[in-house]
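Undergrad: Structure provided below as structure tokens; questions to follow.
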Amino acid sequence: MTIAENVALVQENIARAARAAGRDPAGIRLVAASKMNDAARVREAIAAGVRVFGENRVQEMLEKHAQGAYEGAELHFIGHLQKNKVRQVVGLASLIHSVDSLELLAVIDRCAAARGLRQDVLLEVNIGGEASKSGFAPEALPAALEKAGEYGAVQVRGLMAIPPVCASPEENRPFFLRMKQLFVDNGRKKYDNVSMDFLSMGMSGDYTEAVACGADLVRVGTAIFGARDYSRK
Ligand SMILES: *Cc1c(COP(=O)(O)O)cnc(C)c1O
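When we follow my numbering, the leftmost residue of the sequence shown carries the number 188, and every step to the right adds one.
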């Protein structure tokens, strides 16, 4: 399968899952998770119709950006972001999916303010309560959203989650449904600098379930680019 064939298939699956759930497929955005795929493969995906890329590693993103990899597309940051690398991401990524602490939010705010811009972010939720994962506990969200009101150079646009690794996609459903509920509940109250627009969840193994449960952004890597070769690097 070529990247173009994979993109077509993924888009078709998203559209089918959306329609089955009574949702408009046009409202769901495919974010191609392009880590470990070089600029040529990113361009191939753009030629196949991908409009948004999500990167995990700052250095890799900067290198590919310098090569013009993302021209014609939007760039998101989806990986764990260290505070000392915020400067390199703010303004370059139109959306940072992975804000996992108030400290990180504060650093992004300071950096965006210094540049005179406003950075869109999502708050990452540790929906499985896993010790190995970062992110806000569901109970911590209201206080975090309230706190966002103090940060005028960030706009919280929604929530993101990576559920625990499950044996089958169906097992992720309870996590996805819980995320949707959190998204709706926390979106009811109006907070300054917060607009609950996007729910980011679902990867190659489970993006159709995520769409069925209310995802607006799905982050798909392997199903588009094939398996990543971790031995090379
Ligand atoms: C790599 C990655 C994905 C995509 O994973 P696949 O299983 O290859 O689709 C999605 N989200 C994040 C945060 C990732 O790091």
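Beta carbons are placed, not taken as given, at the ideal position from N, Cα and C, and that holds for glycine.
Spatial neighbours of L364 within its chain, please: C-beta separation below 7 Å, excluding the five flanking residues on both sides.
TA: Cβ within range, chain order: C400.
Undergrad: Considering only their Cβ atoms, is the gap separating G241 from D403 smaller than 8 Å?
TA: Result no, Cβ atoms of D403 and G241 do not sit closer than 8 Å.
Undergrad: Assuming the contact rule is C-beta atoms closer than 8 Å, P310 and V343 should be a hit. Round their C-beta distance to whole Å, please.
TA: Pro is not the amino acid found at residue 310; the sequence shown has Leu there. At roughly 6 Å, the Cβ-Cβ gap stays under 8 Å, so L310 and V343 are in contact.
Undergrad: Do P356 and E317 have their C-beta atoms closer together than 8 Å?
TA: Not in contact: P356 and E317 (Cβ atoms no closer than 8 Å).
Undergrad: Going by beta-carbon coordinates alone, are V398 and G389 separated by less than 8 Å?
TA: A contact, by the Cβ cut-off of 8 Å.
Undergrad: Please work out which residues of its chain come closer than 6 Å, Cβ to Cβ, to Q431, disregarding the five sequence neighbours upstream and downstream, and give them in chain order.
TA: With the chain running from 188 to 420 in the structure shown, residue 431 is simply not present.
Undergrad: Can you tell me whether T422 sits near ligand 1, meaning its C-beta is under 7 Å from at least one heavy atom of the ligand?
TA: Nothing in the structure corresponds to residue 422, since the chain is present only between 188 and 420.
Undergrad: Going by the CB atoms, is the gap between E247 and K222 shorter than 8 Å?
TA: Yes; because the gap between Cβ atoms is below 8 Å, this pair is in contact.
Undergrad: Which whole runs of the alpha helix (DSSP H) in the stretch 244-282 are 4 residues long or more, in chain order?
TA: Correct list: 245-253, 273-276.
Undergrad: Any heavy atom of ligand 2 closer than 7 Å to the beta-carbon of R415?
TA: Ligand 2 is absent from the structure shown, which contains only ligand 1.
Undergrad: Quick one: measure Cβ to Cβ for L386 and G345, integer angstroms, because I've assumed they're closer than 8 Å.
TA: Between G345 and L386 the Cβ distance is about 6 Å, and since that is below 8 Å, they are a contact.
Undergrad: How many angstroms separate the CA atom of Q198 from the CA atom of A232?
TA: Rounded to the nearest angstrom, the two C-alpha atoms are 12 Å apart.
Undergrad: V407 and A219: beta carbons closer than 8 Å?
TA: Yes, the pair counts as a contact, with Cβ atoms nearer than the cut-off.
Undergrad: Could you give the uninterrupted runs of the alpha helix (DSSP H) lying entirely in the stretch 310-349, keeping only those of 4 residues or more?
TA: Here the runs fully enclosed are 328-335.
Undergrad: Evaluate A229 with the Cβ neighbour count: other Cβ atoms within 10 Å of its Cβ, from every protein chain shown; 16 or more gives buried, anything less gives exposed.
TA: Residue identity check: residue 229 is Val in the sequence provided, not Ala. V229 should be labelled buried.
Undergrad: Mind checking whether K226 and Q269 have CB atoms under 8 Å apart?
TA: Looking at the sequence itself, residue 226 is Ala, so the reference to Lys does not match. In this structure, Q269 does not lie closer than 8 Å to A226 by Cβ.
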